[in-house]
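The block underneath contains the structure these notes are about, expressed in structure tokens.
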Amino acid sequence: MADADFAPIEINTSPDQVHALVQATLQEDLLYDLSRIIHLLPFEARKDTQTIFSHILRFRPASYATDKDPPVISYIVHNRPEILVELCRGYTQTQSAMPCGVILREALKFDVVTAVILYDQSHEGEPAVRLSELKPNLPQNGDGVFWNFFEWINKSNFEVSADAFTTFRGSMQEILTRHKSLVTAYLATNFELFFGRFNDILIQSDSYVTKRQSIKLLGEILLDRANYNVMMAYVESGDNLKLCMKLLRDDRKMVQYEGFHVFKVFVANPNKSVAVQRILINNRDRLLRFLPKFLEDRTDDDQFTDEKSFLVRQIELLPKEPVDRSRTSRESPSGANTAAVA
Amino acid sequence: MADDMANRYQVMEELGSGSFGTVYKAIDKHTGEIVAVKHIDLESSEDDIQEIQQEISVLATCASAFVTQYKASFLKGHKLWIVMEYLGGGSCLDLLKPGVFNEAHVAIVCQQLLQGLEYLHAEGKIHRDVKAANVLLSNTGKVKLADFGVAAQLVNIKSQRNTFVGTPFWMAPEVIQQAGYDFKADIWSLGITAIEMINGEPPHASTHPMKVLFLIPKQPAPRLEGNDYSNTFKDFVAQCLTKDPDRRPSAKELLRHKFIRNAGKTEALQELIQRKQEWDAGRGASKDVKYYAESLNTLTKPPPPEDDEDWVFDTVKAPTMWVPKGKDWTTLDEEDDDCDPAELLQDMHISQQPPAPPKHQVNPAVQANSTVRRTPNVERSAERSPSIRRANTKRRSSGVKQPLGLDLSFGNSPSTVRQFRRVSDNVPNESTTPKVPPGFDENASPKPLSSSESTSKEAQLGRRAYSRAIGMSCQEVLANTGDGEKREAISRLAEAWSDLEMVDPEGLCHIIRTMNERLQADPRLSSLIPAAPAQPDSPSRPRLVLAQNNPHLKSHRRRQSTHGVDPLPQSPPRSSMPGQNVPGMEHTKQLSDVLYQRWAEGLRNRWGI
Numbered sequence: 132m133a134d135a136d137f138a139p140i141e142i143n144t145s146p147d148q149v150h151a152l153v154q155a156t157l158q159e160d161l162l163y164d165l166s167r168i169i170h171l172l173p174f175e176a177r178k179d180t181q182t183i184f185s186h187i188l189r190f191r192p193a194s195y196a197t198d199k200d201p202p203v204i205s206y207i208v209h210n211r212p213e214i215l216v217e218l219c220r221g222y223t224q225t226q227s228a229m230p231c232g233v234i235l236r237e238a239l240k241f242d243v244v245t246a247v248i249l250y251d252q253s254h255e256g257e258p259a260v261r262l263s264e265l266k267p268n269l270p271q272n273g274d275g276v277f278w279n280f281f282e283w284i285n286k287s288n289f290e291v292s293a294d295a296f297t298t299f300r301g302s303m304q305e306i307l308t309r310h311k312s313l314v315t316a317y318l319a320t321n322f323e324l325f326f327g328r329f330n331d332i333l334i335q336s337d338s339y340v341t342k343r344q345s346i347k348l349l350g351e352i353l354l355d356r357a358n359y360n361v362m363m364a365y366v367e368s369g370d371n372l373k374l375c376m377k378l379l380r381d382d383r384k385m386v387q388y389e390g391f392h393v394f395k396v397f398v399a400n401p402n403k404s405v406a407v408q409r410i411l412i413n414n415r416d417r418l419l420r421f422l423p424k425f426l427e428d429r430t431d432d433d434q435f436t437d438e439k440s441f442l443v444r445q446i447e448l449l450p451k452e453p454v455d456r457s458r459t460s461r462e463s464p465s466g467a468n469t470a471a472v473a
Numbered sequence: 060m061a062d063d064m065a066n067r068y069q070v071m072e073e074l075g076s077g078s079f080g081t082v083y084k085a086i087d088k089h090t091g092e093i094v095a096v097k098h099i100d101l102e103s104s105e106d107d108i109q110e111i112q113q114e115i116s117v118l119a120t121c122a123s124a125f126v127t128q129y130k131a132s133f134l135k136g137h138k139l140w141i142v143m144e145y146l147g148g149g150s151c152l153d154l155l156k157p158g159v160f161n162e163a164h165v166a167i168v169c170q171q172l173l174q175g176l177e178y179l180h181a182e183g184k185i186h187r188d189v190k191a192a193n194v195l196l197s198n199t200g201k202v203k204l205a206d207f208g209v210a211a212q213l214v215n216i217k218s219q220r221n222t223f224v225g226t227p228f229w230m231a232p233e234v235i236q237q238a239g240y241d242f243k244a245d246i247w248s249l250g251i252t253a254i255e256m257i258n259g260e261p262p263h264a265s266t267h268p269m270k271v272l273f274l275i276p277k278q279p280a281p282r283l284e285g286n287d288y289s290n291t292f293k294d295f296v297a298q299c300l301t302k303d304p305d306r307r308p309s310a311k312e313l314l315r316h317k318f319i320r321n322a323g324k325t326e327a328l329q330e331l332i333q334r335k336q337e338w339d340a341g342r343g344a345s346k347d348v349k350y351y352a353e354s355l356n357t358l359t360k361p362p363p364p365e366d367d368e369d370w371v372f373d374t375v376k377a378p379t380m381w382v383p384k385g386k387d388w389t390t391l392d393e394e395d396d397d398c399d400p401a402e403l404l405q406d407m408h409i410s411q412q413p414p415a416p417p418k419h420q421v422n423p424a425v426q427a428n429s430t431v432r433r434t435p436n437v438e439r440s441a442e443r444s445p446s447i448r449r450a451n452t453k454r455r456s457s458g459v460k461q462p463l464g465l466d467l468s469f470g471n472s473p474s475t476v477r478q479f480r481r482v483s484d485n486v487p488n489e490s491t492t493p494k495v496p497p498g499f500d501e502n503a504s505p506k507p508l509s510s511s512e513s514t515s516k517e518a519q520l521g522r523r524a525y526s527r528a529i530g531m532s533c534q535e536v537l538a539n540t541g542d543g544e545k546r547e548a549i550s551r552l553a554e555a556w557s558d559l560e561m562v563d564p565e566g567l568c569h570i571i572r573t574m575n576e577r578l579q580a581d582p583r584l585s586s587l588i589p590a591a592p593a594q595p596d597s598p599s600r601p602r603l604v605l606a607q608n609n610p611h612l613k614s615h616r617r618r619q620s621t622h623g624v625d626p627l628p629q630s631p632p633r634s635s636m637p638g639q640n641v642p643g644m645e646h647t648k649q650l651s652d653v654l655y656q657r658w659a660e661g662l663r664n665r666w667g668i
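Residue numbers (our numbering), protein chains in the order written: chain S, 132 to 473; chain V, 60 to 668.
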């Protein structure tokens with residue numbers, strides 16, 4: 132295919148030649164074609180494509196400032212965002228999932244790429260959203276390419292699902308750790324849609340790996356300081372607490388353990404909503420009997436033991452009746468996940 | 060979907076245990092092809108599952124005649140199945156059991172391995188755990204690299220790694236020093252593997268693996284010396300074992316080495332396979348073939364019936380509602396009382412499986428792991444040194460006690476299980492276990508009794524007698540015994556008790572009771588029994604009831620239990636009742652206050668409250 136004679140570009144060519152080659156690649160729209168046909172290529176050619184693609188994305192001319200995005204990245208987000216969308220759609224085919232995943236994770240290191248993937252809502256065959264056209268304040272309809280990740284993770288075979296989750300988590304962690312303005316806008320605008328799907332599809336997944344990893348990711352999202360508002364909104368919901376308490380009673384220890392790290396946020400929250408207080412108070416005796424014996428064999432995990440006794444203490448200190456500290460009734464603020472109640 | 064995938068394979072006997080999973084032979088029902096299926100229990104892996112995916116992605120992007128071919132992977136419950144090409148010749152380590160290789164064989168294996176490494180390195184991959192155990196042979200003598208459990212994918216060719224992985228004896232000095240290393244590390248390991256094949260064991264084999272980590276960087280590189288080896292072979296090994304990775308040749312360069320160029324054809328390796336088969340036959344053929352048994356906890360089953368004893372989410376119910384219902388939500392099984400859900404869950408697995416092998420049966424393997432590898436003899440099978448995986452990341456096997464116990468019963472006889480233990484795990488173990496009867500370590504749990512397991516009061520008593528009295532007394536006596544022979548006898552006795560307790564706690568209870576009665580019947584022997592409040596086993600006598608906080612009660616109980624006398628099956632196991640420890644609990648309360656303070660402060664700082 133097209134890339135066969137393209138393979139040796141990294142080998143000791145002069146910088147000018149490389150530059151010219153990259154230019155030609157963009158002019159011929161080769162990256163778009165490659166991203167669409169990668170699943171048709173034979174085994175070794177797919178790997179070559181992945182290598183070449185990643186190199187082109189990273190390419191910087193010698194004179195180029197290092198704090199600017201590489202030129203190909205800028206070109207793609209402004210002129211040809213369809214490439215990114217096609218790469219994501221690589222997850223619909225087993226053959227293309229892994230190479231596309233590697234390229235995507237390389238690209239997602241740049242927040243402009245993350246932004247395009249988060250906000251694009253184009254359908255197959257339609258032009259994708261350009262960086263200049265993003266409308267962060269408009270709520271998402273949930274059909275965009277980013278939202279497809281939930282399905283790819285949930286429905287695909289293990290290899291594809293695991294790779295899709297890695298990319299999904301990668302994009303979450305990128306926006307969480309580096310691109311804070313993005314996350315504030317995105318999670319705030321799409322809070323219910325996002326956590327609704329997160330709870331329903333990922334946390335309650337039938338796949339052990341998806342379930343365990345997504346609970347862990349949820350804990351990481353909530354405990355990231357930058358996400359204070361997101362966390363407060365999440366732990367205000369009684370439905371979220373119910374979901375989480377069910378995890379504590381899962382029959383797999385690692386699911387219980389990851390669930391604990393989300394549960395503790397609910398209990399430690401000094402301004403618990405009435406809904407959350409009510410659930411905790413109604414289950415106080417159960418919890419006080421349950422927690423001391425919860426994952427007892429983790430004797431070498433001091434932090435876990437500390438946190439557990441802290442939670443016990445907090446639950447002991449709960450008032451007899453829920454106290455509404457905010458003086459405003461804000462019970463069950465999120466109706467997004469009533470499915471959590473069995 | 061996953062079940063469909065799993066059903067496609069008819070799993071047969073166990074082939075061995077790799078660095079973090081068990082490998083079975085299986086038949087692909089669609090194609091009739093024989094494959095190897097590796098089962099990895101994800102529940103026992105604490106760290107990120109992502110790292111296991113790493114192995115898969117490295118494998119899945121390899122297509123070489125010198126590397127075991129990856130076929131598929133999927134989940135079944137919390138087990139990950141990885142389907143690989145089946146290689147009937149076994150590993151080089153297996154083939155070393157009947158005796159060492161000759162130089163011609165070593166040359167062929169090295170030549171093949173170098174081609175495998177050349178491929179991997181060109182792909183930007185480092186194997187990081189090259190050793191005889193990870194070199195597999197097909198029936199026709201083809202040599203393939205296997206076990207990519209710790210392999211790394213470098214993002215670009217020039218990058219380096221810092222992760223501390225591999226198996227100590229085979230590790231290159233730069234890997235140990237964590238100074239950053241690249242694919243040259245595999246070449247060092249290849250050199251060590253060559254020595255392993257010609258001598259039957261790697262250098263320093265008799266040293267503790269952890270100590271080896273200090274020796275390798277400090278001492279001069281190992282060499283083959285003497286007239287037993289040809290000069291070209293000695294030179295080949297010396298080149299592989301160049302301490303400076305920059306001066307160490309690459310796989311490509313080594314393929315031009317005279318020793319390698321003169322290597323024969325792989326068919327010659329069939330001799331080794333045949334030798335092994337004859338050797339096996341001579342030892343009585345089918346030794347301990349372990350067949351795959353579906354363990355129930357592999358399946359994702361809906362949680363056990365819990366009727367409505369779950370959390371109460373109905374706001375209607377008052378918080379006290381559970382009390383009249385008695386055992387309430389923790390009760391998954393109507394008969395059991397006062398036991399926690401975790402215990403119950405655990406029980407459920409146990410009850411549906413052959414009894415989990417007692418922990419102590421594992422210990423021999425654990426010890427063997429880290430001790431001397433002497434001559435290539437029968438014991439070798441148990442001596443595969445574990446690979447250290449990501450020793451500097453936080454990887455602990457979770458819940459070391461229960462989940463591992465379950466998994467051991469996966470095959471059938473636990474006695475020859477090649478128990479995999481990470482070095483880091485068994486080091487502390489090893490220093491303490493040597494002579495102490497194994498029944499005493501984690502197994503003799505300080506828990507008074509696990510009523511959940513018991514089927515009858517007598518069994519409860521039996522277990523209690525064991526855990527409270529017999530085990531302790533044996534341990535005490537053992538601690539006061541210096542003579543080796545006597546110690547061993549005591550250990551054996553303790554072990555026998557432990558076995559009895561495991562198999563027949565009722566019987567144990569009966570023995571103690573009868574023993575006690577007989578002791579009492581004999582006027583002279585009865586002095587062995589503490590005067591205590593008269594014969595506790597005469598039911599006609601009114602029992603002396605002491606106040607709970609009476610200090611005598613404690614010592615009374617202690618005395619009673621140290622001598623294993625609790626012969627009244629009807630008497631409730633009082634000290635295990637809740638509330639007993641109340642007077643002692645105050646300090647824990649203080650402790651939790653302190654912890655709470657500390658935690659709250661941390662949270663406040665973190666959330667800026």
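Backbone N, C-alpha and C define an ideal beta-carbon position, used for all residues, glycine too.
{"query": "For chain V, is any of its Cβ atoms less than 7 Å away from the one on V407 (chain S)?", "result": "no"}
{"query": "Under 8 Å Cβ-Cβ, which residues of chain V neighbour V340 (chain S)?", "result": "L101, I108, L134 and L139"}
{"query": "Would N358 (chain S) count as contacting chain V if we go by Cβ distances under 7 Å?", "result": "no"}
{"query": "Classify M549 (chain S) as helix, strand or coil using the three-state DSSP reduction.", "result": "Because chain S spans 132 through 473 in this model, residue 549 (chain S) falls outside it and cannot be assessed."}
{"query": "Counting only beta-carbon atoms, is Q112 (chain V) nearer than 7 Å to chain S?", "result": "yes"}
{"query": "Between which residues of its own chain and Q224 (chain S) is the CB-CB distance below 8 Å, once the five residues before and five after are set aside?", "result": "H170"}
{"query": "Can you check whether the C-beta of M385 (chain S) is within less than 7 Å of a C-beta belonging to chain V?", "result": "yes"}
{"query": "Anyone know if the C-beta pair for C169 (chain V) and A253 (chain V) falls short of 7 Å?", "result": "yes"}
{"query": "Between V:T291, V:G200, V:E255 and V:A119, which lies nearest to R334 (chain V) when the distance is taken from Cα to Cα?", "result": "V:G200"}
{"query": "Confirm, please, whether the CB-CB distance from T291 (chain V) to F318 (chain V) is below 7 Å.", "result": "yes"}
{"query": "Looking at C-alpha atoms only, which residue of V:G183, V:H164, V:R67 and V:A548 is the closest neighbour of D179 (chain S)?", "result": "V:G183"}
{"query": "V371 (chain V) versus chain S: which residues are under 7 Å apart at the beta carbon?", "result": "N413 and N414"}
{"query": "Quick check: what's the CA-CA separation for V82 (chain V) versus G75 (chain V)?", "result": "5 Å"}
{"query": "Counting only beta-carbon separations shorter than 7 Å, does G221 (chain S) have a partner in chain V?", "result": "no"}
{"query": "If Q134 (chain V) sits next to V149 (chain S), beta carbons under 8 Å apart, how far is it from one beta carbon to the other, in whole angstroms?", "result": "According to the sequence shown, residue 134 (chain V) is Leu rather than Gln. Rounded, the Cβ-Cβ distance is 43 Å, inconsistent with contact."}
{"query": "Distance, Cα to Cα, K84 (chain V) vs T90 (chain V)?", "result": "15 Å"}
{"query": "List, from N- to C-terminal side, the alpha helix (DSSP H) runs of 4 residues or more that fit wholly inside the region 197-250 of chain S.", "result": "202-210, 213-220, 225-238 and 242-250"}
{"query": "Can you tell me which of the three DSSP states T81 (chain V) falls into?", "result": "strand"}
{"query": "Say whether chain V places a C-beta atom closer than 7 Å to the C-beta of F329 (chain S).", "result": "no"}
{"query": "Starting from S376 (chain S), follow the alpha helix (DSSP H) in both directions and report where the run begins and ends.", "result": "First, the residue type needs correcting, since residue 376 (chain S) is Met and not Ser in the sequence shown. It spans G369 to L379 - the alpha helix (DSSP H) in which M376 (chain S) sits, taken as one unbroken run."}
{"query": "If you run the structure through DSSP and keep just helix, strand and coil, what is K418 (chain V)?", "result": "Residue placement at K418 (chain V) cannot be trusted, given a pLDDT of 43 that sits under 50; the coordinates are not used to answer."}
{"query": "Give the straight-line distance between the Cα atoms of L463 (chain V) and S103 (chain V), rounded to the nearest whole angstrom.", "result": "With a pLDDT of 27 at L463 (chain V), under the threshold of 50, the predicted position of this residue should be treated as unreliable, though the coordinate-derived value follows. Looking at the two C-alpha atoms, the distance is approximately 7 Å."}
{"query": "Determine, using beta carbons only, whether M303 (chain S) comes closer than 7 Å to chain V.", "result": "no"}
{"query": "Would you mind stating whether A553 (chain V) and C568 (chain V) have Cβ atoms separated by less than 7 Å?", "result": "no"}
{"query": "Chain S beta carbons: is any one of them nearer than 7 Å to that of T120 (chain V)?", "result": "yes"}
{"query": "Between the C-alpha atoms of P453 (chain S) and S404 (chain S), what's the straight-line distance to the nearest angstrom?", "result": "8 Å"}
{"query": "Let me know if Q69 (chain V) comes out buried or exposed under the rule of 16 or more other beta-carbons within 10 Å of its beta-carbon.", "result": "exposed"}
{"query": "Could you work out which residue in V:R546, V:K97, V:K130 and V:G158 is closest to E260 (chain V) when comparing CA atoms only?", "result": "V:G158"}
{"query": "Please classify T430 (chain V): does DSSP put it in a helix, a strand, or coil?", "result": "In this predicted model, T430 (chain V) has a pLDDT of only 35, less than 50, meaning its place in the structure is not dependable enough to derive any value."}
{"query": "Answer yes or no: does any C-beta atom of chain V fall closer than 7 Å to that of M363 (chain S)?", "result": "no"}
{"query": "Could you compute how far the alpha carbon of G371 (chain V) sits from the alpha carbon of K377 (chain S)?", "result": "Note that residue 371 (chain V) is Val in the sequence shown here, rather than Gly. The alpha-carbon atoms of V371 (chain V) and K377 (chain S) are separated by roughly 11 Å."}
{"query": "If we cut at 7 Å on Cβ distances, does K240 (chain S) have a partner in chain V?", "result": "no"}
{"query": "Do you know whose CA, among V:S515, V:D581 and V:I549, lies nearest P564 (chain V)'s CA?", "result": "V:S515"}
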